[in-house]
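*Asks:* One structure, as structure tokens, below. Some questions next.
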Amino acid sequence: MFRDIAEIMSKDFDGKEVSIRGWIWRTRGSGKIVFPTMRDPSGVIQVTVKKGNLPDEQFDGALRALIESSVEITGTVKADDRAPGGFEILATGFNVVGFADAYPIQKDQSEEWLRENRHLWIRSRKMVAIMKIRHTVVGAIHQYFREHGYYEFDPPVLQPNQCEGGSTLFEVKYYDMKTYLSQTWQLYAEAGIFALGKIYDVAPTFRAEKSKTSRHLCEFWMAEMEAAWMQLPEVTEVAKEEIKFIISEVLKNNRAELELLERDLSKLEVCLEKPFPTITYTEGLEMLKKDGMKVEWGKDLRTLEEEGIMKHFDTPVVVTHYPKEIMAFYKPTDPSAKAPGPVAKCFDMLAPEGGMEIVGGSERDTDIAELSKYLERDGENPANYQFYMDLRKYGSVPHSGYGVGVERLIQWICGLDNIKDTIAFPRTTTRITP
RNA sequence: GCCGUCGUAGCUCAGCCUGGUGGAGCGGCUGACUGUUAAUCAGCAGGCCACAGGUUCAAAUCCUGUCGACGGCGCCA
875 MFRDIAEIMS
885 KDFDGKEVSI
895 RGWIWRTRGS
905 GKIVFPTMRD
915 PSGVIQVTVK
925 KGNLPDEQFD
935 GALRALIESS
945 VEITGTVKAD
955 DRAPGGFEIL
965 ATGFNVVGFA
975 DAYPIQKDQS
985 EEWLRENRHL
995 WIRSRKMVAI
1005 MKIRHTVVGA
1015 IHQYFREHGY
1025 YEFDPPVLQP
1035 NQCEGGSTLF
1045 EVKYYDMKTY
1055 LSQTWQLYAE
1065 AGIFALGKIY
1075 DVAPTFRAEK
1085 SKTSRHLCEF
1095 WMAEMEAAWM
1105 QLPEVTEVAK
1115 EEIKFIISEV
1125 LKNNRAELEL
1135 LERDLSKLEV
1145 CLEKPFPTIT
1155 YTEGLEMLKK
1165 DGMKVEWGKD
1175 LRTLEEEGIM
1185 KHFDTPVVVT
1195 HYPKEIMAFY
1205 KPTDPSAKAP
1215 GPVAKCFDML
1225 APEGGMEIVG
1235 GSERDTDIAE
1245 LSKYLERDGE
1255 NPANYQFYMD
1265 LRKYGSVPHS
1275 GYGVGVERLI
1285 QWICGLDNIK
1295 DTIAFPRTTT
1305 RITP
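In the working numbering, the protein residues as written are 875 to 1308.
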């Protein structure tokens, strides 16, 4: 019976014989003794292989096996202060299943090299920790929505229309026609709510933005929700509650991983203790003006400005009511809002420690004339949105939704410099391999 | 799209300013060592100096162009 390494790193196993299997993480040897440190998905443990304790050909195998060789080991667990982690296995059997070539990833590595060798780098302790946290985050999203009466609803990935701006679409050959990879599920979600009421999904999203930043991927996962009858004030509260739940699940399940990533846990814990504030775009600008920043009403918040606003907060913040003119066509004007110009019933959620946008959402416009006007503004033909307009003709209701950038959320939760580390195989403007 | 940085051994880099026989560390291989934590010590192998032109007696080094990678901005999640 093979056991997980994490399981045997305790006093209960001290002195007992165990078998493990995994890969050589580090190794060091002399003519008579070898110290391979083994890893498996659960953890690492040092193994001590002494000549004479096992057949000579197995000792020779231990001496010859390079990093990442796959091995089955039998031996006795011993507490030993000289071993990293406090426990080691004194080997009596060492069966090399697959000898590894010289491993290309060593101690001095450039970011570029690690991306070139991502298929191997995901074995690293750092990537394993991040992928385990990702597992918790995505699981929490499903759990949150299912426990709150939402149905999972899957939209098509191949879509004929734009939604967030035509220049950022990936075009796909579709028999003798052309179509595009999904930028959002939104148009289809707005149809789905008339059947299911409250829906959500977690799905891949494709945007051909030419963004070369540490916060952008061309292929990323978006966790979206859409709900009939829901209006802006309510939907922002749903978003806050969802994010809070995700953070609590990560803190509950992934403390060891966060510590391995050297994440300051207090930055996450404070988010469970306090409510997330809601401010308007206009109020945000006032804060920036008080800080001496030059800002102009009517322009979108830039990275610098989002960072400036978030200096005042240590939890995520919802910013509502951005200027109507700079928003996507489906975000409706809020006639009752007090602002220097027309503003939309929309919101972003900004993360602390830098002001990254982790959520974007809005109420959806139900006025066919308004929708047509703003589609034309964007150079689109409203006739191509027949099905979308139909939704306003057959029992229209107020409704709202938002999308969470899964990788952005993970990046902030893990405290990572670069979003490319939040996903096993990142797709960027310049990389589609491995 | 704009701005910036960088392409030299399998990896990480020095050398370039001031042109003159290509260097180090790590990794690999051989050998020594029965407690290593990025082991140590001795030796060996390993290079179209991104590519293409140009200047020069002579180019990794100077000039021009191309390609590639990375980062920042804008835009977005």
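Idealized CB from N, CA, C, for every residue including glycine.
How would you write the range of the beta strand (DSSP E) that G1234 sits in, first residue to last?
*Replies:* Position 360 of the first sequence, counting from 1, holds the residue named residue 1234. Start and end: E1231 to E1237.
*Asks:* How about V918 and E962: are their beta carbons less than 8 Å apart?
*Replies:* Translated into the one-based positions of the first sequence, residue 918 becomes position 44. Translated into the one-based positions of the first sequence, residue 962 becomes position 88. No, they are not a contact pair.
*Asks:* So, under 8 Å CB-CB, G1234 and G1275 are touching, yes? Tell me the CB distance rounded to an integer number of Å.
*Replies:* For the purposes of this step, residue 1234 is taken as residue 360 along the first sequence, with counting starting at 1. For the purposes of this step, residue 1275 is taken as residue 401 along the first sequence, with counting starting at 1. A Cβ-Cβ distance of about 10 Å is found for the pair G1234 and G1275, leaving them out of contact under the 8 Å criterion.
*Asks:* Out of G949, H993 and A880, point me to the one whose CA is closest to G959's CA.
*Replies:* Sequence index remark: in the first sequence, residue 959 carries index 85 (1-based). When each option's Cα is compared against that of G959, the closest is A880.
*Asks:* Can you find the residues in the same chain that come closer than 7 Å, C-beta to C-beta, to M1161, ignoring five residues on each side of it along the sequence?
*Replies:* Here residue 1161 is taken as the residue at index 287 of the first sequence, counted from 1. For M1161, where only same-chain residues beyond five positions count, the Cβ hits under 7 Å are I1183 and H1186.
*Asks:* Flag this pair as yes or no: are the beta carbons of I1232 and V1278 separated by less than 8 Å?
*Replies:* Numbered from 1 along the first sequence, position 358 holds the residue referred to as residue 1232. Numbered from 1 along the first sequence, position 404 holds the residue referred to as residue 1278. Yes, they are a contact pair.
*Asks:* Quick one, which of A1077, L1224 and A1014 has its alpha-carbon nearest T1177's?
*Replies:* Here residue 1177 refers to the residue found at position 303 of the first sequence. Comparing Cα positions, the closest option is L1224.
*Asks:* By how many angstroms is the C-alpha of N1128 removed from the C-alpha of P1029?
*Replies:* Here residue 1029 is taken as the residue at index 155 of the first sequence, counted from 1. Here residue 1128 is taken as the residue at index 254 of the first sequence, counted from 1. Roughly 31 Å between the two C-alpha positions.
*Asks:* If distances are taken between C-alpha atoms only, which option among E891, G889, G935 and R1301 comes closest to F909?
*Replies:* Here residue 909 refers to the residue found at position 35 when the first sequence is read from its first residue. Answer by Cα proximity: G935.
*Asks:* Using a Cβ-Cβ cutoff of less than 6 Å, which residues in the same chain neighbour C1145 once the five nearest sequence positions on both sides are dropped?
*Replies:* As a working mapping, residue 1145 is identified with position 271 in the first sequence. Only I1121 and T1189 meet the Cβ criterion.
*Asks:* Give me the Cα-Cα distance between D955 and G903, rounded to the nearest whole angstrom.
*Replies:* Residue numbering aside, residue 955 sits at position 81 when the first sequence is read from its first letter. Residue numbering aside, residue 903 sits at position 29 when the first sequence is read from its first letter. When rounded, the distance between both Cα atoms is 19 Å.
*Asks:* Can you tell me which of V1217, I941 and K981 puts its alpha carbon nearest to the alpha carbon of M1201?
*Replies:* Residue numbering aside, residue 1201 sits at position 327 when the first sequence is read from its first letter. Residue V1217 is the option with its Cα nearest to M1201.
*Asks:* Check whether the Cβ atoms of V1076 and V1012 lie closer than 8 Å to each other.
*Replies:* Walking along the first sequence from the start, residue 1076 turns up at place 202. Walking along the first sequence from the start, residue 1012 turns up at place 138. The answer is yes: Cβ separation under 8 Å.
*Asks:* Please confirm whether A976 and L940 have their CB atoms less than 8 Å apart.
*Replies:* Translated into the one-based positions of the first sequence, residue 976 becomes position 102. Translated into the one-based positions of the first sequence, residue 940 becomes position 66. Against a cut-off of 8 Å, the Cβ pair of L940 and A976 comes out as a contact.
*Asks:* Apart from the five residues on each side of it in sequence, which residues of its chain come closer than 7 Å, Cβ to Cβ, to W1059?
*Replies:* The residue you call residue 1059 lines up with position 185 of the first sequence. Contacts found: P1029, D1075, A1077 and E1098.
*Asks:* Considering only C-alpha positions, which residue in the set D888, V970, N927 and K925 is nearest to W897?
*Replies:* To locate residue 897, count along the first sequence from 1; it is residue 23. A check of alpha carbon separations from W897 across D888, V970, N927 and K925 identifies V970 as the nearest.
*Asks:* Thinking Y1048 and L1032 are a contact (beta carbons under 8 Å), I'd like their distance in whole angstroms, please.
*Replies:* Working through the first sequence from its first residue, we reach residue 1048 at position 174. Working through the first sequence from its first residue, we reach residue 1032 at position 158. Yes, they are in contact, since the Cβ atoms of Y1048 and L1032 sit about 7 Å apart, within 8 Å.
*Asks:* What residues match up with Y1048 in a beta bridge as DSSP calls it?
*Replies:* Here residue 1048 refers to the residue found at position 174 of the first sequence. Note: Y1048 sits in a beta bridge opposite M1051.
*Asks:* Which stretch, first to last residue, makes up the beta strand (DSSP E) that contains Y1262?
*Replies:* Residue mapping note: residue 1262 aligns to position 388 of the first sequence, counting from 1. It is not in any beta strand (DSSP E) - Y1262 instead sits in the alpha helix (DSSP H) that spans Q1260 to D1264.
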